[in-house]
Amino acid sequence: MATKVFDTAAAAVADVSDGATLAVGGFGLCGIPDVLIQALVDSGVGDLEVFSNNCGVDDHGLGLLLNEHRVRRVVASYVGENKEFARQYLAGELEVELTPQGTLAERLRAGGAGIPAFFTPAGVGTPVSDGGLPWRYASDGSVAVASPPKETRVFGDKRYVMELGINADFALVHAVKGDTAGNLVFDKTAMNFNPLAAMAGKITIAQVEELVEPGEIDPAQVHLPGIFVKRIVHTGPQNKRIEKRTVTASEGAAQ
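Sequential numbering from 66 applies to the sequence shown in my numbering.
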């Protein structure tokens, strides 16, 4: 059996080609696969479609790919603190499908579970279901591409909208611990989207802070089984970026 462990992040992402679709884990800057993203930046790959909760910040995470105009389309829940993300979207340089956060999570999970579509009440009666959300703007500020209406159906006495599951060519995730068989453990908020992104990828690549041998992780503590993971890179602990640092004035300081 071939090993899942790659010596470098560059080797692990070497076959990610132009036009690929990527499911990327993380929440804000928490639990993002920053080493793997940097390896993609260094590789020169472009024209990417990304499924991710958000796109990091201007100088970190997926923001690095955005800054170099390597991303063609983003399916996300939050533009957030990334000014370049907002600028490219409003300037018509980037196509963006904004999706309710819980819906995005379930679309990733459904894709990984082999479920092609599901019904949810989130977004019913809004442009999410009725269509008309601006996916891409023209250079003059008009809407060049708008979202289409989605199928709705009544179950009981409540209307639901149909959402499609997501499958991606590759998934990039960050785990605090993993074994060489691909079993992963995520830490705190990093559990929000990393396991779901990992399920959605045809080829899932995990960067792990601590790499151990099979059997060293209690099976009851495994958050994602190794069946979903094809490649592993041992990166060691990384310097964690804080999206917004907030401090209080010291006691006695001038107000």
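The beta carbon of each residue, even a glycine, is placed where N, CA and C say it ideally should be.
Task: Contact under 9 Å by Cβ, His-288 with Phe-251 - done: One-based indexing of the sequence shown puts residue 288 at position 223. One-based indexing of the sequence shown puts residue 251 at position 186. Result yes, Cβ atoms of His-288 and Phe-251 sit closer than 9 Å.
Open item on the list: Do Leu-169 and Val-140 have their beta-carbon atoms positioned less than 9 Å apart in this structure?
Closed with: Walking along the sequence shown from the start, residue 140 turns up at place 75. Walking along the sequence shown from the start, residue 169 turns up at place 104. Yes. Within cutoff.
Open item on the list: Among Gly-96, Gly-84, Ser-212, whose alpha-carbon lies nearest the alpha-carbon of Leu-105?
Closed with: In the sequence shown, the residue the question calls residue 105 occupies position 40. Closest option to Leu-105, Cα to Cα, is Gly-84.
- [ ] Return the chain-ordered ranges of every alpha helix (DSSP H) run that is complete within the region 151 to 224 and spans a minimum of 4 residues.
- [x] Listed in chain order, they are 166 to 178, 192 to 195.
Open item on the list: Taking the straight line between their C-alpha atoms, what separation do you get for Val-277 and Asp-244?
Closed with: As a first step, residue 277 must be located in the sequence shown, where it is residue number 212. As a first step, residue 244 must be located in the sequence shown, where it is residue number 179. Straight-line measurement puts the Cα of Asp-244 at about 5 Å from the Cα of Val-277.
Open item on the list: What does DSSP give as the partner residue(s) for Thr-86 in the beta ladder?
Closed with: Along the sequence shown, one-based indexing puts residue 86 at 21. Per DSSP, Glu-114.
Task: Paired residues, beta bridge with Arg-296 - DSSP - done: The residue you call residue 296 lines up with position 231 of the sequence shown. Beta-bridge pairing links Arg-296 to Ile-270.
- [ ] Could you tell me the boundaries of the beta strand (DSSP E) in which Gly-243 lies?
- [x] Reading the sequence shown from its first residue, position 178 is the one you call residue 243. Element bounds for Gly-243: 233 to 244.
TODO: Under 8 Å Cβ to Cβ from Glu-281, same chain only, skipping five residues before and after it: list those, please.
DONE: By 1-based counting over the sequence shown, the position of residue 281 is 216. Only Asp-244 meet the Cβ criterion.
Open item on the list: Could you check whether the region 200 to 214 touches the region 144 to 153, counting it as contact only if at least three pairs of C-beta atoms, one from each stretch, sit closer than 8 Å?
Closed with: Under the three-pair Cβ rule at 8 Å, the region 200 to 214 does not count as touching the region 144 to 153.
Task: Residue interval of the alpha helix (DSSP H) (run including Ala-263) - done: As a position in the sequence shown, residue 263 is number 198, starting the count at 1. Start and end: 259 to 265.
Open item on the list: Excluding the 5 residues flanking Leu-198 on each side, which residues of the same chain have their C-beta closer than 6 Å to its C-beta?
Closed with: In the sequence shown, residue 198 corresponds to position 133, counting from 1. Around Leu-198, the same chain offers Pro-192, Ser-212 as residues with beta carbons nearer than 6 Å, after the five sequence neighbours per side are excluded.
Task: Straight-line Cα distance separating Pro-214 from Asp-329 - done: Beyond the ends of the chain as shown, which are 66 and 320, falls residue 329; an answer cannot be given.
Open item on the list: Looking at His-299: is its Cβ nearer than 9 Å to the Cβ of Val-81?
Closed with: By 1-based counting over the sequence shown, the position of residue 299 is 234. By 1-based counting over the sequence shown, the position of residue 81 is 16. It is not a contact, given that the beta carbons lie outside the stated cut-off.
TODO: Use the C-beta contact count for Thr-311: other C-beta atoms within 10 angstroms, 16 or more gives buried, fewer gives exposed.
DONE: Taking the sequence shown and counting its residues from 1, one reaches residue 311 at position 246. With fewer than 16 other Cβ atoms within 10 Å, it is exposed.
TODO: In the DSSP assignment, find the alpha helix (DSSP H) that holds Val-106 and state where it starts and stops.
DONE: For the purposes of this step, residue 106 is taken as the residue at position 41 of the sequence shown. 99 to 108 is the extent of the alpha helix (DSSP H) around Val-106.
Open item on the list: Taking the alpha-carbon of Val-241 as reference, which of Phe-220, Ile-297, Ile-180, Thr-73 has the nearest alpha-carbon?
Closed with: Against the sequence shown, residue 241 aligns to sequence position 176. Considering only alpha carbons, the answer is Ile-297.
Open item on the list: Three or more C-beta pairs under 8 Å: does that hold for the region 85 to 92 against the region 115 to 126?
Closed with: Enough Cβ pairs lie closer than 8 Å, so yes.
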